[in-house]
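Residue numbers (this note's numbering), protein chains in the order written: chain A, 1 to 109; chain B, 1001 to 1114. These notes are about the structure you will find just below.
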């Protein structure tokens, strides 16, 4: 099977940078995705790492290291609207995606 | 363009009943996946359908079934409802079938079992 671990809660200050880590156990996977979900809302795709290294999309960056079974999501220039839950997710065959339990990010003034 | 639409938005059922949830994918998307999300947890994969065929199934009992129609919309059926089936049921669509394709989620159906 597959399992992921990420911190349950993170608090950061508006304008700062925050990193949300994700470690995983799997016998094989295609890539690591990140999704954002506001309370009462639908998950929204943020990024995908199919290869090791850094992917940058605006204020968000994501990193994957297969040798370390580790990835992270980096959010820069934090805004109040970034307060949400963030999920890392392992892509298996086709789209049998396994999600972590999520990290609740609170951005404070 | 319309996003993924799900109906109904809320539903209350009692134990032992049956429920059907519906999903319309984004136009042009041929893949539909279903997830169950319990409060405080991440979404759990239930099914994936592509071109009307089941392409993946998660660890859910046979009480859960689904199908995809020629217009790529999909239904999730759950029989003999249990209290533990209370959750948010999410539908996601994508252009292709591979896991590198971003999934676009609907707002979900919140199912409460009494």
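Where is the CB? At the ideal position from N, CA and C, for every residue including glycine.
Under a criterion of Cβ atoms nearer than 8 Å, no residue of chain A is adjacent to residue 1062 of chain B; the nearest Cβ is some 18 Å distant. If you look at residue 1021 of chain B, you'll find it in the beta strand (DSSP E) that goes 1019-1024. Short of 6 Å from the beta carbon of residue 43 of chain A, and not among the five residues preceding or following it, lie these beta carbons of its own chain, in chain order: 35, 37.
The beta-carbon of residue 1107 of chain B is placed less than 7 Å from the nearest beta-carbon of chain A.
For the pair residue 1114 of chain B and residue 1081 of chain B, the Cα-to-Cα distance works out to about 10 Å. In terms of Cβ geometry, residue 72 of chain A and residue 19 of chain A form a close pair [threshold 7 Å]. Note that the C-beta distance between residue 100 of chain A and residue 32 of chain A is not below 7 Å. Under DSSP, residue 1077 of chain B takes part in a beta bridge, and its partners are B/1020, B/1065. Beta-bridge analysis with DSSP links residue 104 of chain A to A/9, A/85. Comparing alpha-carbon positions, the option among B/1030, B/1034, B/1028 lying closest to residue 1056 of chain B turns out to be B/1034.
By the 16-neighbour rule on beta-carbons within 10 angstroms, residue 39 of chain A is exposed. DSSP, reduced to helix, strand and coil, places residue 1011 of chain B within a strand of the structure shown. Legend: CB atoms of the region 1032-1050 of chain B lying less than 9 Å from CB atoms of chain A belong to residues 1033, 1035, 1037, 1040, 1041, 1042, 1043, 1044, 1045, 1048, 1050. Residue 1007 of chain B is outside the set of residues whose beta carbon lies under 7 Å from a beta carbon in chain A. Distances from the CA of residue 1050 of chain B to each of B/1041, B/1063, B/1031, B/1039 were compared; the closest alpha carbon is that of B/1031.
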